[in-house]
Amino acid sequence: MTDDQTLVTASGPEALASLPVLPLRGTVLFPYLFLPLSAGRPASLAAVEAALASEDKTFLAVALRNPEADPPTRDDLYTIGTRAVIKKMARSASGIELLVQGLERVTVVRVEQTEPYLRVRVRSLPLPEDQGPEIEALRRAVLELMSRAVELAHADAAVNVAQLAAQAQDPLVLAFLIGSMMSLDVPREQALLEASSRVEGLRLLHGYLARELEVLELRQKITSQAESEMSREQREYLLRQQLRAIQGEL
4 MTDDQTLVTA SGPEALASLP VLPLRGTVLF PYLFLPLSAG RPASLAAVEA
54 ALASEDKTFL AVALRNPEAD PPTRDDLYTI GTRAVIKKMA RSASGIELLV
104 QGLERVTVVR VEQTEPYLRV RVRSLPLPED QGPEIEALRR AVLELMSRAV
154 ELAHADAAVN VAQLAAQAQD PLVLAFLIGS MMSLDVPREQ ALLEASSRVE
204 GLRLLHGYLA RELEVLELRQ KITSQAESEM SREQREYLLR QQLRAIQGEL
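In my numbering, the protein residues as written are 4 to 253.
Take a look at the structure:
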């Protein structure tokens, strides 16, 4: 059976789907999460228009290995991306503004067309479902690190860690959610997206958070030292002023 026949007759994780490609520069879209996107380049606009014209309004959101590639080729794209659906759309003078939601991980099987936009065949890549005590241990450790990072960043009003844990029951989805909030670079976000197990995803996130916490603690130390130095200089300045005032009176 050919791939074309598989697309028509098969269903489930082995079925292939044909999707227009919207390359992502500087970010990764994770399954189940929302992301605002802009399309302005001709190929990107054509891909979005193709998605909007389809019944389900879906497309492939996949990060670029080289964000400078224009127009990007298949080799410029990561192999694993996210099938996404357009939730909101607004046209502007510069292009199209979108609000999209990730639906599932997919892996690119082959390129179907390159003009006027890139279209590929993809296969669903279900999230792993490995179990075990290490997953719960890592999950708790990740939430503890996140709580500490939020505390140091003074972002309590913006991030409720307990609420995050309640919203994302799946450990890997929790990793996606927290990872999307961390301003990670594309290679680290992509590694998280491609995690082959829950344990791997949580380990990656734990490492990212540990590094972020180290930076935040160092920043706090530098800030405290600077404030302490400033206070010492202010005290010395006030003392000099007082001495001058006393000498003037004498």
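Beta carbons: idealized from backbone N, C-alpha and C, even for Gly.
Note that the structure is a prediction, hence the values are computed from the model and not measured.
Which residue comes first and which comes last in the beta strand (DSSP E) that contains F179?
Numbered from 1 along the sequence shown, position 176 holds the residue referred to as residue 179. Counting along the chain, F179 falls outside any beta strand (DSSP E), though it belongs to the alpha helix (DSSP H) covering 174-183.
Contact between the segment 211-226 and the segment 167-186 is defined here as three or more beta-carbon pairs at a separation below 8 Å; is this criterion met?
With the cut-off at 8 Å, the segment 211-226 and the segment 167-186 touch.
Along the chain, where does the alpha helix (DSSP H) that runs through A152 open and close?
Stepping through the sequence shown from its first residue, residue 152 is reached at position 149. 136-156 is the extent of the alpha helix (DSSP H) around A152.
According to DSSP, is L36 part of a helix, a strand, or is it coil?
Locating residue 36 in the sequence shown gives position 33, where the first residue counts as 1. Coil at L36, not helix or strand.
Neighbourhood of R28 by C-beta, 6 Å cutoff - its chain only, sequence neighbours within 5 removed:
Looking up residue 28 in the sequence shown gives position 25. Same-chain partners within the cutoff: L67, P70.
Let's see if you can read the secondary structure: which residues bound the beta strand (DSSP E) around E100?
Against the sequence shown, residue 100 aligns to sequence position 97. For E100, the enclosing beta strand (DSSP E) covers residues 98-116.
Could you check whether L121 and A198 sit closer than 9 Å to each other, using their CB atoms as the reference points?
In the sequence shown, counting from the first residue as 1, residue 198 sits at position 195. In the sequence shown, counting from the first residue as 1, residue 121 sits at position 118. Cβ atoms of A198 and L121: not closer than 9 Å.
4 or more residues per run - each alpha helix (DSSP H) lying fully within the segment 32-99
For secondary structure counted as the alpha helix (DSSP H) over 4 or more consecutive residues, the segment 32-99 holds these complete runs in sequence order: 45-56.
Inter-residue CB distance, T82 and V111 (contact presumed, cutoff 8 Å)
On the sequence shown, position 79 is the one that residue 82 refers to. On the sequence shown, position 108 is the one that residue 111 refers to. With 8 Å as the limit, T82 and V111 qualify as a contact, their Cβ atoms being about 5 Å apart.
To the nearest whole angstrom, what separates the beta carbons of E100 and S57, a pair I think is in contact under 8 Å?
Position 97 of the sequence shown, counted from the first residue, corresponds to residue 100. Position 54 of the sequence shown, counted from the first residue, corresponds to residue 57. Between E100 and S57, the beta carbon gap of about 19 Å keeps them out of contact (Cβ cut-off 8 Å).
On the CB-based measure, 16 or more other CB atoms within 10 Å of its CB, does G135 come out buried or exposed?
By one-based count along the sequence shown, residue 135 stands at place 132. With fewer than 16 other Cβ atoms within 10 Å, it is exposed.
Which listed residue (R243, E107, R44) has its alpha carbon closest to that of S127:
Taking the sequence shown and counting its residues from 1, the one referred to as residue 127 is at position 124. Cα-wise, what sits closest to S127 is E107.
Go ahead and label I89 buried or exposed: buried means 16 or more other beta carbons lie within 10 angstroms of its beta carbon, across all protein chains shown.
The sequence position of residue 89 within the sequence shown is 86, counting from 1. The Cβ neighbour count for I89, taken over all protein chains shown within 10 Å, is at least 16; the residue is labelled buried.
Are V205 and L130 close, meaning C-beta to C-beta below 9 Å?
The residue labelled residue 205 in the question sits at position 202 within the sequence shown. The residue labelled residue 130 in the question sits at position 127 within the sequence shown. This sequence places Leu at residue 205; Val is not what is there. By the CB criterion at 9 Å, L205 and L130 fall outside the cutoff.
Would I181 be called buried (16 or more neighbouring beta carbons within 10 Å of its own) or exposed?
Here the question's residue 181 lines up with position 178 in the sequence shown. Taking a 10 Å sphere around the C-beta of I181, we find 16 or more other C-beta atoms and assign the residue as buried.
Three-state secondary structure (DSSP) at L121?
Within the sequence shown, the letter at position 118 stands for residue 121. In the three-state scheme derived from DSSP, where H, G and I count as helix and E and B as strand, L121 is classed as coil.
Would you report the Cα separation of P74 and Q104, rounded to the nearest angstrom?
Position 71 of the sequence shown, counting from 1, holds the residue named residue 74. Position 101 of the sequence shown, counting from 1, holds the residue named residue 104. Going from the Cα of P74 to the Cα of Q104 covers about 24 Å.
Local Cβ density within 10 Å of A96, reported as buried at 16 or more and exposed below that:
Here the question's residue 96 lines up with position 93 in the sequence shown. Sixteen is the threshold: since fewer than 16 other Cβ atoms of the shown chains lie within 10 Å of the Cβ of A96, the residue is exposed.
Quick check on this structure: which residue in A152, A168, A194 has the alpha carbon closest to the alpha carbon of V65?
For the purposes of this step, residue 65 is taken as the residue at position 62 of the sequence shown. Among A152, A168, A194, the Cα nearest to that of V65 belongs to A194.
What is the rounded straight-line gap between the Cα of H209 and the Cα of A144?
Residue numbering aside, residue 209 sits at position 206 when the sequence shown is read from its first letter. Residue numbering aside, residue 144 sits at position 141 when the sequence shown is read from its first letter. So the alpha carbons of these two residues sit roughly 7 Å apart.
From P23, G84, L219, pick the residue whose C-alpha is nearest to that of P119; which is it?
For this step, residue 119 is matched to residue 116 along the sequence shown. Of the listed residues, the one whose Cα sits closest to P119 is P23.
Supposed close pair Y35, V176 - CB separation, criterion 8 Å
Position 32 of the sequence shown, counted from the first residue, corresponds to residue 35. Position 173 of the sequence shown, counted from the first residue, corresponds to residue 176. Contact check for Y35 and V176: beta-carbon distance about 6 Å, within the 8 Å limit, so the pair qualifies.
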